[in-house]
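Protein chains in written order, with numbering that gives the first Met the number 0: chain A, 0 to 78; chain B, 0 to 146. Where a beta carbon is used, it is the ideal one built from N, C-alpha and C, also for glycine.
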Amino acid sequence: MSAKLVFLGRLEDVAGTPDLDVEPGPLEALLARLDPALAVELLGERVRLALNGRLLNDPGGIVLADGDELAFLPPVSGG
Amino acid sequence: MQNVRLLAEAFDPAAELATFTAAHPNAGGIVSFLGQVRAEGDVEALELRHYGPMTLPGMQALAAEAARRWALDGLLIVHRHGAMGPGDPIVLVAAASRHRRDAFAAADFAMDHLKSESWFWKREKTAAGWHWIEPRAEDHSDKARWG
Chain A
0 MSAKLVFLGR LEDVAGTPDL DVEPGPLEAL LARLDPALAV ELLGERVRLA LNGRLLNDPG
60 GIVLADGDEL AFLPPVSGG
Chain B
0 MQNVRLLAEA FDPAAELATF TAAHPNAGGI VSFLGQVRAE GDVEALELRH YGPMTLPGMQ
60 ALAAEAARRW ALDGLLIVHR HGAMGPGDPI VLVAAASRHR RDAFAAADFA MDHLKSESWF
120 WKREKTAAGW HWIEPRAEDH SDKARWG
């Protein structure tokens with residue numbers, strides 16, 4: 000049983016890894032187990048969340064199930 | 000009609016444009032934009048990261064929206080990810096239409112949205128190492144023109 004957190008852009012540097020396998024469960028509980036400095040960045044106002052490739056409009060109350068992938072997307076800078 | 004690709008390797012913009020042009024003989028005009036890595040200062044390399052589940056699907060949705068807004072015969076979007084050097088092509092957008100204004104507008108629209116809305120993250124390498132590039136305020140005001 001595991002879910003995956005994916006860190007895009009500069010969040011990868013903050014996390015020190017592009018992704019992290021975690022126990023499924025409420026996002027709040029997962030974040031509480033991370034390095035507080037990383038958790039603060041992940042909860043930044045300009046960071047968007049996507050669950051299994053779909054952008055979340057209201058990330059409140061997310062509970063990750065087995066196999067879920069939750070991506071943290073900082074502001075884009077492409078093109 | 001919409002040809003949207005995300006490439007890990009270098010591409011030849013002239014060859015892409017020739018193929019696209021040949022595929023749309025009925026178009027009265029073709030507008031293209033090529034973005035390339037600037038040769039400036041001490042930047043040794045540029046890397047664009049993407050997110051597999053969202054980047055290409057987002058580009059395809061963007062192409063569909065452009066095709067909905069303007070009367071196009073064809074739309075081409077080719078975008079790199081990975082590491083690139085000065086002078087390397089990053090993005091090619093081409094729009095073919097019966098009359099030129101639709102092609103100009105569609106290419107402009109596609110570029111503004113690729114810059115400000117598509118799921119890419121850019122970092123540059125200098126002698127000091129890699130650092131992430133923050134979005135420019137102009138990219139957002141450019142996109143806002145389209146409502």
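Beta-carbon spacing of residue i, residue j below 8 angstroms
{"i": "A:Val46", "j": "A:Leu72", "result": "yes"}
{"i": "A:Met0", "j": "A:Glu27", "result": "no"}
{"i": "B:Arg156", "j": "B:Val92", "result": "With chain B represented from 0 up to 146, any question about residue 156 of chain B goes unanswered, as that position is not in the structure."}
{"i": "A:Val75", "j": "B:Pro52", "result": "no"}
{"i": "A:Leu54", "j": "A:Leu69", "result": "no"}
{"i": "A:Gly15", "j": "B:Arg48", "result": "no"}
{"i": "B:Met58", "j": "B:Ser115", "result": "no"}
{"i": "B:Ile149", "j": "B:Lys124", "result": "Nothing about residue 149 of chain B can be reported from this structure: the residues present for chain B run from 0 to 146 only."}
{"i": "A:Leu63", "j": "A:Leu29", "result": "yes"}
{"i": "B:Arg4", "j": "B:Val77", "result": "yes"}
{"i": "A:Ala2", "j": "A:Gly59", "result": "no"}
{"i": "B:Leu71", "j": "B:Ala109", "result": "no"}
{"i": "B:Val30", "j": "B:Ala82", "result": "no"}
{"i": "B:Leu33", "j": "B:Pro56", "result": "no"}
{"i": "B:Leu75", "j": "B:Phe19", "result": "yes"}
Per DSSP, the bridge partner or partners of residue i
{"i": "B:Thr125", "result": "B:Gly128"}
{"i": "B:Glu164", "result": "With chain B covering 0 to 146 only, the question about residue 164 of chain B has no answer from this structure."}
{"i": "B:Val30", "result": "B:Ala94"}
{"i": "A:Phe71", "result": "A:Phe6 and A:Leu48"}
{"i": "A:Pro25", "result": "A:Val62"}
{"i": "B:Trp120", "result": "B:Arg48"}
{"i": "B:Arg4", "result": "B:Val77"}
{"i": "A:Asp18", "result": "A:Val5"}
Partners in chain A for residue i, counting only beta-carbon separations shorter than 8 angstroms
{"i": "B:Glu116", "result": "Val75"}
{"i": "B:Pro134", "result": "Pro74, Val75 and Ser76"}
{"i": "B:Ala45", "result": "Here the sequence assigns Leu to residue 45 of chain B, which means Ala is not the residue at that position. By Cβ distance, chain A contributes nothing, its closest Cβ being about 11 angstroms from B:Leu45, past 8 angstroms."}
{"i": "B:Leu61", "result": "None at all; the shortest Cβ gap to chain A is about 12 angstroms."}
{"i": "B:Leu16", "result": "Neighbours of B:Leu16 on chain A: none; closest Cβ ~18 angstroms, over 8 angstroms."}
Under the three-state DSSP convention, the category residue i falls into
{"i": "B:His23", "result": "coil"}
{"i": "B:Gly63", "result": "Just to set this straight, residue 63 of chain B is Ala in the shown sequence, not Gly. Note: B:Ala63 maps to helix in three-state DSSP."}
{"i": "A:Leu30", "result": "helix"}
{"i": "B:Asp41", "result": "coil"}
{"i": "B:Met83", "result": "strand"}
{"i": "B:Arg144", "result": "coil"}
{"i": "B:Leu71", "result": "coil"}
{"i": "A:Leu55", "result": "coil"}
Segment limits, alpha helix (DSSP H) that includes residue i
{"i": "B:Pro88", "result": "Premise fails: B:Pro88 lies in the beta strand (DSSP E), Pro88 to Ser96, not in any alpha helix (DSSP H)."}
{"i": "A:Leu37", "result": "Pro35 to Leu41"}
{"i": "B:Ser115", "result": "Arg99 to Ser115"}
Proximal chain B residues relative to residue i, where beta-carbon distance stays under 9 angstroms
{"i": "A:Leu41", "result": "Ordered by position in chain B, no residue passes the 9 angstroms Cβ test against A:Leu41, which lies about 15 angstroms from the chain."}
{"i": "A:Leu72", "result": "Tyr50, Met53, Trp118 and Trp120"}
Chain-ordered chain B contacts of residue i [CB-CB under 7 angstroms]
{"i": "A:Gly52", "result": "Pro52 and Met53"}
{"i": "A:Arg86", "result": "Any question about residue 86 of chain A goes unanswered here, given that chain A covers just 0 to 78."}
{"i": "A:Ala49", "result": "Met53"}
Cβ-heavy atom distance, residue i to the ligand ADP, below 7 angstroms
{"i": "A:Glu27", "result": "No copy of the ligand ADP occurs in the structure displayed, which carries no ligand at all."}
Amino acids of chain A, ordered along the chain, whose beta-carbon sits closer than 7 angstroms to that of residue i
{"i": "B:Lys121", "result": "Ser76 and Gly77"}
{"i": "B:Leu75", "result": "The contacting residues do not exist; B:Leu75 stays about 15 angstroms from chain A at best."}
Amino acids of chain A, ordered along the chain, whose beta-carbon sits closer than 9 angstroms to that of residue i
{"i": "B:Leu6", "result": "The contacting residues do not exist; B:Leu6 stays about 14 angstroms from chain A at best."}
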